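S.K.:
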Amino acid sequence: MEKLLLVLLSIFFFPQFILHTQASKDEYYSRPPARNVIFTPHHGSDSEAQQVHVSLVGRDHMRVTWITDDKQAPSIVEYGKQPGKYNAKATGDHTSYRYFFYSSGKIHHVKIGPLEPGTIYYYRCGGSGPELSLKTPPATFPLEFVVVGDLGQTEWTNATLAHVQSHYYDLFLLPGDLSYADTSQPLWDSFGRLVEPYASQRPWMVTEGNHEIETFPIIEPEGFKAYNARWRMPYEESNSSSNLYYSFNVVGTHVIMLGSYTDFEDDSDQYKWLEADLGSIDRKTTPWVFVLLHAPWYNTNSAHRGEGESMRKAMEELLYKARVDVVFAGHVHAYERFTRIYDNEADPCGPMYITIGDGGNREGLALTFDNPASPLSLYREPSFGHGRLRIMDEARAHWSWHRNNDSDSFSADEVWFNSLSTSTACWAIVDEKVPPLNDEL
Ligand SMILES: [Fe+2]
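For the sequence shown, the UniProt record's numbering gives the first residue as 1, with consecutive numbering after it.
In structure tokens:
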């Protein structure tokens, strides 16, 4: 009885302590269950902008995307550096789509810029309505990314986003599975409204997961209809022919968004694009290279085991030769950090692999990991949360993982690491398996 009382008091007064200590004692800890889906309604007029989000386009532009129920609403953005004073204006284009009996609103895409770095801009969409603000990424390091996979739209999603917002960051990266609409198109609209307070303030750069596919036999054979219409990313600007894979530069960082659910074999467009994209990086001016994709290539959780394996076999050598620093994945609803790996072996010149699919989706957590752990897997835990990647300078970065149930400043897992661009040994070695891609560095 006394023991039971002690446990209850501990859980009540010291939940962080309990959660932290149970990372390696899963059998004693009951993980938080999935929470309900939140539907976020629109209360404004048909012409009022809703679901506003912004994304990077090229070096000094941003794309503002929003939706109106009014098909006559103009695709214009007015903006400036002072509240209420819009000395610049840009006009863009629009699209819409049908899915079964659902007809989307008017989806506006407007590119604004050139914009100054590290600057707050005030803007409004469609010539009226409420004023919003965004902050452009800085011109120099430090640079801070938030990384969240498998976000969904549940009460856990809200908890994750509130946690993210409680500390400064420059960009939001999402390695797939956004709305979990799963063919119910109004849930895409609801998701857009849920994330607007965050996605209208900082660039959200996303890639697709399996929940974005939404194919249906005969009627919707191609897939990604809603995702491509609503979440247009800068693929043309990175010489990609598909919104399903693209790259972008920010400060001295090159971020590559790959598509786990489109062709990736060595005769595919994606493979050829990736090869060219990696070959174009100058590590002297762009010392950091990160890759995001949905289905993890390395995974010791029982969920989705092996689903990234064919893509790994097709593309891992390209990433290794290019000395990619980190590969982030989602899909598995848990957190896991690996050491640097190449071809299933620890390799100091390979990328670190991190699974961060614990954003808050309605399906709940993936609770079961292999036991004992692979020596390649350094930390793993099924809890909802988000990651932060802070690039300090050309050589050093800090990664931290933050559980929703902990205080804002607490890192459940963290690691400092150096850019492979600084490793003379990694660029100089004549590896028996794979020769270095660029021997100038
Ligand atoms: Fe997924």
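Glycine residues also receive a C-beta, built at the ideal position from the N, C-alpha and C atoms. In this text the structure is predicted, and so the values were computed from the model without any measurement.
By how many angstroms is the C-alpha of W273 removed from the C-alpha of L389?
M.R.: L389 and W273: Cα-Cα distance of roughly 26 Å.
S.K.: Check whether the Cβ atoms of G152 and N299 lie closer than 7 Å to each other.
M.R.: No.
S.K.: Exposed or buried, which one is N404 when buried takes at least 16 other CB atoms within 10 Å?
M.R.: Buried, because 16 or more other Cβ atoms sit within 10 Å of the Cβ of N404.
S.K.: Decide if the segment 332-343 is in contact with the segment 154-169; the criterion is three or more beta carbon pairs, one per stretch, under 8 Å apart.
M.R.: Cβ pair count under 8 Å is below three, so no.
S.K.: From D182, P142, G113, G192, pick the residue whose C-alpha is nearest to that of L171; which is it?
M.R.: That would be P142, whose Cα lies nearest to the Cα of L171.
S.K.: Would a C-beta distance cut-off of 7 Å place P296 and A329 closer than the cut-off?
M.R.: Yes, the pair counts as a contact, with Cβ atoms nearer than the cut-off.
S.K.: Is the beta carbon of R124 sitting closer than 7 Å to the one on E131?
M.R.: Cβ distance < 7 Å, so R124 and E131 count as in contact.
S.K.: In chain order, which continuous runs of the alpha helix (DSSP H) of length 4 or greater are located wholly inside the segment 128-211?
M.R.: The segment 128-211 contains these whole alpha helix (DSSP H) runs: 155-165, 186-199.
S.K.: Starting from L318, trace the alpha helix (DSSP H) both ways and give me its first and last residue.
M.R.: Element bounds for L318: 309-321.
S.K.: Find the nearest neighbour of V57 within the set P175, Y235, H108, judged by alpha-carbon distance.
M.R.: Measuring from the Cα of V57, the nearest candidate turns out to be Y235.
S.K.: Go through its chain and collect everything with a Cβ distance to S200's Cβ below 7 Å, but skip five positions before and after it.
M.R.: Around S200: V52, H53, V54, L132, L134.
S.K.: When you compare only the Cα positions, how much space is there between G113 and F100?
M.R.: Taking the straight line from one Cα to the other gives about 37 Å.
S.K.: For Y227, which residues of its own chain have a beta-carbon under 7 Å away from its beta-carbon, when the five flanking residues on both sides are left out?
M.R.: Around Y227: E208, E212.
S.K.: Within the same chain, show all residues whose beta-carbon is closer than 6 Å to that of F338, passing over the 5 residues directly before and after it, in chain order.
M.R.: Around F338: Y298, Y353, L376, S377.
S.K.: Ligand 1 and H331: does the residue's C-beta get closer than 6 Å to at least one heavy atom of that ligand?
M.R.: True, at least one ligand heavy atom lies under 6 Å from that Cβ.
S.K.: Taking 6 Å as the cut-off, does the CB of G364 come closer than this to any heavy atom belonging to ligand 1?
M.R.: Outside the cutoff, so no.
S.K.: Report the option in S423, S47, M62 whose CA atom is closest to the CA atom of R232.
M.R.: Among S423, S47, M62, the Cα nearest to that of R232 is on M62.
S.K.: Return the residue from the list W416, S423, H304, D325 that minimises the CA-CA distance to T368.
M.R.: Comparing Cα-Cα distances from T368 to each of W416, S423, H304, D325, the minimum goes to H304.
S.K.: In its own chain, which residues sit with a C-beta less than 7 Å from the C-beta of T285, not counting the 5 before and 5 after it?
M.R.: Cβ within range, chain order: G252.
S.K.: Taking its Cβ as the centre, do 16 or more other Cβ atoms sit within 10 Å of A428, making it buried, or is it exposed?
M.R.: So A428 counts as exposed.
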